[in-house]
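Chains as they are written, first to last, in my numbering: chain U, 378 to 488; chain C, 10 to 125. Structure first, commentary second.
Spelled out as structure tokens, the structure:
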């Protein structure tokens, strides 16, 4: 069926380390893809998005590239900070402008 | 604050009681969504409205659940005869359609339900 699969966490990194959170999806066609972030005690916020194949979304030093060949949308950041500690959700859009989310990946960054 | 607001933020109830959650979307947004999130999982779609019309309901939305958006502004989600399995975070989101190409949903902070 149509779904979004993320790597399991928690992911624990030291400050300034390189981050990758894997995300793959199954879908009919080429849906828009998103990364949302949930900081402690806050609501979900859009981090970045890509609406078509080969698009690269970027924001706050995070990047993700829409790869239709591998049906992936991996999230990367070159140098993480303690303030990046949060839960990250990969999502794809389907009919009705609804989002289908992955299970989320907890990121913990140590100073 | 002009974001999506939800009330109450926390609700503890006994099994069998009815509960109601309210969502106030961003004022000009015509689409409103309800999601449910359980621990360790991503949000799951429940239902959505365009203005006052409820356009889709998930199979997750049993007949004990009802949602309304009577004037196309705020929405309520009522759960009747609550069960322990209803314990979750209930999220509301809104968006503007036509939204151009963004498709961005703006989420509230959620209403956490605990059924004892």
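All residues carry an ideal CB built from backbone N, CA and C; glycine is no exception.
Is residue i helix, strand or coil by DSSP?
i, result
"residue 93 of chain C", "helix"
"residue 457 of chain U", "coil"
"residue 50 of chain C", "coil"
"residue 17 of chain C", "coil"
"residue 98 of chain C", "strand"
"residue 426 of chain U", "strand"
Listing by chain order, which chain U residues have their CB less than 8 Å from the CB of residue i?
i, result
"residue 52 of chain C", "421, 466, 476 and 478"
"residue 105 of chain C", "Within chain U, no residue comes near residue 105 of chain C; the closest Cβ sits about 10 Å away, beyond 8 Å."
Can residue i be considered in contact with the ligand PLP, in the sense that its beta carbon sits closer than 7 Å to one or more heavy atoms?
i, result
"residue 395 of chain U", "Within the structure as shown, the ligand PLP is missing, as the structure has no ligands at all."
To the nearest angstrom, report how far apart residue i and residue j are at their CA atoms.
i, j, result
"residue 61 of chain C", "residue 390 of chain U", "46 Å"
"residue 110 of chain C", "residue 428 of chain U", "Low confidence applies to residue 110 of chain C: its pLDDT is 47, below 50, so where it sits in the model is not reliable enough to give any reading."
"residue 103 of chain C", "residue 115 of chain C", "5 Å"
So residue i is in the beta strand (DSSP E); what residue range does that whole segment cover?
i, result
"residue 59 of chain C", "53 to 59"
"residue 489 of chain U", "With chain U covering only 378 through 488, there is no way to say anything about residue 489 of chain U."
"residue 46 of chain C", "40 to 46"
"residue 411 of chain U", "410 to 415"
"residue 434 of chain U", "433 to 436"
Identify the contact partners of residue i in chain C, using a Cβ-Cβ distance below 8 Å as the criterion.
i, result
"residue 481 of chain U", "49, 50 and 51"
"residue 434 of chain U", "Within 8 Å Cβ-Cβ: nothing; residue 434 of chain U doesn't reach chain C, min ~11 Å."
Just tell me which of the options has its CA closest to the CA of residue i.
i, options, result
"residue 412 of chain U", "U:448, U:478 and U:485", "U:478"
"residue 56 of chain C", "C:42, C:46 and C:48", "C:42"
"residue 29 of chain C", "C:105, C:64 and C:15", "C:15"
"residue 387 of chain U", "U:381, U:380 and U:398", "U:398"
"residue 405 of chain U", "U:472, U:395 and U:487", "U:472"
Note down, in chain order, every chain U residue with its Cβ under 7 Å from the Cβ of residue i.
i, result
"residue 118 of chain C", "419 and 420"
Strictly below 7 Å CB to CB, what residues from chain C border residue i?
i, result
"residue 455 of chain U", "Ordered by position in chain C, no residue passes the 7 Å Cβ test against residue 455 of chain U, which lies about 25 Å from the chain."
"residue 406 of chain U", "Residues of chain C passing the Cβ test: none, with the nearest at roughly 14 Å."
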